[in-house]
Amino acid sequence: MIKIDKNINKAKTLSSKFYTDNNIFEQSKNIFEDSIQIICSSSELIHLNTYPFTYFDGFLDENLLITKKDGDFLCLSNVCTHRGHVLAQCSNNNDVLQCKYHGRTFALDGVLKNAPGFENTSKFPSDDDNLTQVSLFNWNHFLFISFNKDSEIFNILKQIDKILPDFPYSDLSKAPIRNEYLLDCHWALYCDNYLEGFHIPYVHKGLNDDIDWKNYKTEILDQIVLQKVRSKNLNDSIEYDSGGDMYAYYFFIFPNIMINYYKWGISINVIEPISKDKTRIKYMIYNLKGQSIPKKSSSSVDMVESEDQEVVLSVQKGIKSRFYKSGQFSPSMEKGVHYFHRLISKKIFNFNQ
Ligand code: FES
Ligand SMILES: [Fe+2]
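Under this note's numbering, think of the first position of the sequence shown as 99, with each following residue one higher.
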């Protein structure tokens with residue numbers, strides 16, 4: 099059992115068992131089943147009607163499909179309702195889905211259209227023969243889905259709109275720079291590290307030269323942690339907010355999405371668990387029209403990423419020590435990590451206090 103005190107002054111971090119125990123790792127699937135997840139931007143589907151993907155490859159392993167029907171986006175099960183063949187193998191712009199196994203066809207809203215060989219089958223077709231729909235929400239051109247059937251779950255994203263109401267989403271590049279890599283660590287260790295700026299002067303010396311670290315701020319929203327920091331140099335400052343001197347807004351959407359707003363655009367990290375010590379980081383960068391990513395190598399996104407990976411991999415080793423169980427939070431610097439640990443404790447172990 100892992101209980102996190104709501105008083106940060108007294109609380110202890112998640113016990114090392116959380117990061118090292120296989121059963122607890124399996125239980126963490128519930129967190130992801132219940133969460134909202136970003137899939138892609140709608141601009142990536144401009145010329146496509148279907149976009150198949152494996153949802154959390156190696157973890158939840160669900161075959162899903164985004165379709166576009168009459169301009170609306172839908173998320174469907176990509177598994178044929180006959181004997182379970184995976185329907186679409188690659189993106190295309192056909193206006194019907196046909197199963198390659200026995201020829202069943204479906205409309206792009208998942209409704210069964212034709213099923214050769216089933217002419218004399220009784221009570222056929224029924225609703226069970228249509229493809230299951232998964233909740234989808236189009237947030238500022240980004241398509242989010244969830245297995246949670248409560249559509250209100252997507253409302254947490256509106257908190258970002260309140261903070262950055264003037265962000266010009268339609269000026270973002272249509273095709274992002276996409277990258278992904280595997281890291282030999284527990285998924286939550288990567289998130290823990292993201293959720294505090296405490297380590298910046300020690301780990302990111304180049305970044306620290308660019309920002310006003312002493313005024314680093316962390317705000318706890320509903321299921322979201324916002325970290326924001328001012329820029330030392332007005333040339334690096336964000337222009338689409340009211341402050342005029344911000345270097346970045348870092349939004350963490352529980353349990354695993356990071357959306358970072360910079361002067362030049364946004365970067366998105368999606369942290370996907372594979373096993374208790376293997377994690378996939380999906381990385382997308384969208385530039386704003388007329389802006390380019392700064393070249394300065396000491397504080398570049400790539401440099402900061404590799405510095406972060408180094409410390410996360412070191413913690414992954416240290417967390418297995420027989421002498422380490424858990425630590426305490428810095429009340430001034432680790433509010434975000436504390437909130438993250440409390441949400442985990444609540445969602446997996448049902449602690450709510
Ligand atoms: S599995 Fe699809 S038609 Fe048989
Ligand atoms: Fe970092």
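Note that CB positions come from ideal geometry on N, CA and C, so glycine has one too.
What you are looking at is a predicted structure, and each value in this text was computed from that prediction instead of being measured.
(1) Within the structure, which residues are defined as neighbours of ligand 1 by a Cβ-heavy atom distance below 5 Å, reported in chain order?
(2) How is GLN325 classed by DSSP in three states: helix, strand or coil?
(3) Unbroken beta strand (DSSP E) runs of length 3 or more, entirely within the segment 240-289: which are they?
(4) What residue does the beta strand (DSSP E) around PHE79 start on, and which one ends it?
(5) Figure out for me which residue from VAL232, TYR199 and ILE336 has the closest Cα to the Cα of PHE171.
(6) Is TYR360 helix, strand or coil by DSSP?
(7) Quick one: is LEU332 buried, meaning 16 or more other Cβ sit within 10 Å of its Cβ, or exposed?
(8) Tell me the residue span of the alpha helix (DSSP H) that contains LYS444.
(9) So, under 8 Å CB-CB, THR118 and LYS374 are touching, yes? Tell me the CB distance rounded to an integer number of Å.
(10) Would you call the segment 343-358 in contact with the segment 320-329, where contact means no fewer than 3 C-beta pairs closer than 8 Å?
(11) Quick one, which of ILE164, LEU174, VAL301 and TRP285 has its alpha-carbon nearest LEU241's?
(12) According to DSSP, CYS173 sits in a beta bridge with which residue or residues?
(13) Rounding to the nearest angstrom, what Cα-Cα distance links GLY215 and GLY201 in this structure?
(14) Determine the burial state of ALA273: buried for a count of at least 16 other Cβ atoms within 10 Å of its Cβ, exposed for fewer.
(15) Let me make sure I understand the geometry here. Which of ASN128, LYS166, GLU217 and VAL177 has the alpha-carbon closest to that of PHE157?
(16) Between ASN191 and ASN236, is the Cβ-Cβ spacing less than 8 Å?
(17) Is the separation between the beta-carbon of LEU282 and that of LYS376 shorter than 8 Å?
(18) Assign PHE154 to one of three DSSP states: helix, strand, or coil.
(19) When every heavy atom of ligand 2 is checked, does at least one fall within less than 7 Å of the C-beta of ASP259?
(20) Measure the C-alpha to C-alpha separation of ILE298 and SER424 and round it to an integer number of angstroms.
(21) Where do the ends of the alpha helix (DSSP H) carrying SER412 lie?
(22) Using a Cβ-Cβ cut-off of 7 Å (strictly less than) and excluding sequence neighbours within five positions of ASP226, which residues of its own chain qualify?
(23) Could you tell me if PRO266 is buried or exposed, where buried requires 16 or more neighbouring beta carbons within 10 angstroms of its beta carbon?
(24) Within the same chain, show all residues whose beta-carbon is closer than 7 Å to that of VAL184, passing over the 5 residues directly before and after it, in chain order.
(25) Between PRO371 and chain C, is the shortest Cβ-Cβ distance under 8 Å, so that the two count as touching?
(26) Give me the DSSP bridge partner(s) of SER365.
(27) Would ILE144 be called buried (16 or more neighbouring beta carbons within 10 Å of its own) or exposed?
(28) CB of ASP406 to nearest heavy atom of ligand 2: below 7 Å?
(29) For a test of your reading of the model: does the CB of VAL402 fall under 7 Å from any non-hydrogen atom of ligand 2? Yes or no.
(30) Output the distance between the C-alpha atoms of SER249 and ILE134, rounded to the nearest integer angstrom.
With the given structure in hand:
(1) Qualifying residues, in the order they occur: CYS178, HIS180, ARG181, HIS183, CYS197, TYR199, HIS200 and ARG202.
(2) The answer is strand: DSSP assigns GLN325 an E or B state.
(3) List check, beta strand (DSSP E) in window: 240-244 and 275-281.
(4) A query on residue 79 cannot be resolved here, the shown segment of the chain reaching from 99 to 451 and no further.
(5) Taking only the C-alpha atoms, the option nearest PHE171 is VAL232.
(6) Residue state, collapsed to three classes: strand.
(7) By the neighbour-count rule (16 or more Cβ atoms within 10 Å), LEU332 is not buried but exposed.
(8) For LYS444, the enclosing alpha helix (DSSP H) stretches over residues 433-447.
(9) Contact flag correct, Cβ pair sits at about 7 Å.
(10) Contact between the segment 343-358 and the segment 320-329 is present, because at least three Cβ pairs lie under 8 Å.
(11) For the residues ILE164, LEU174, VAL301 and TRP285, the minimum Cα distance to LEU241 belongs to ILE164.
(12) Looking at the DSSP assignment, CYS173 forms a beta bridge with ILE164 and VAL232.
(13) Distance from the CA of GLY215 to the CA of GLY201, rounded to the nearest whole angstrom, comes to 9 Å.
(14) Per the 10 Å Cβ criterion, exposed.
(15) The shortest Cα separation from PHE157 among ASN128, LYS166, GLU217 and VAL177 belongs to ASN128.
(16) Cβ atoms of ASN191 and ASN236: not closer than 8 Å.
(17) Reading the sequence as shown, one finds Asp at residue 282 and not Leu. In terms of Cβ geometry, ASP282 and LYS376 form a close pair [threshold 8 Å].
(18) Here DSSP, grouped into helix, strand and coil, assigns PHE154 to coil.
(19) Outside the cutoff, so no.
(20) Straight through space, the alpha carbons of SER424 and ILE298 are spaced by roughly 22 Å.
(21) Start and end: 399-416.
(22) Hits under 7 Å: THR179.
(23) Per the 10 Å Cβ criterion, exposed.
(24) Excluding residues up to 5 positions away in sequence, ASN161, ASN176 and VAL177 lie with their Cβ nearer than 7 Å to the Cβ of VAL184 in the same chain.
(25) The displayed structure is made up of one protein chain only, and chain C is not part of it.
(26) Answer is ASN358 and ILE383.
(27) The residue in question, ILE144, is exposed, as its Cβ has fewer than 16 Cβ neighbours within 10 Å.
(28) In this structure, ligand 2 has a non-hydrogen atom nearer than 7 Å to the beta-carbon of ASP406.
(29) Checking every heavy atom of ligand 2 against the Cβ of VAL402, one is found closer than 7 Å.
(30) Whole-angstrom Cα-Cα distance: 10 Å.
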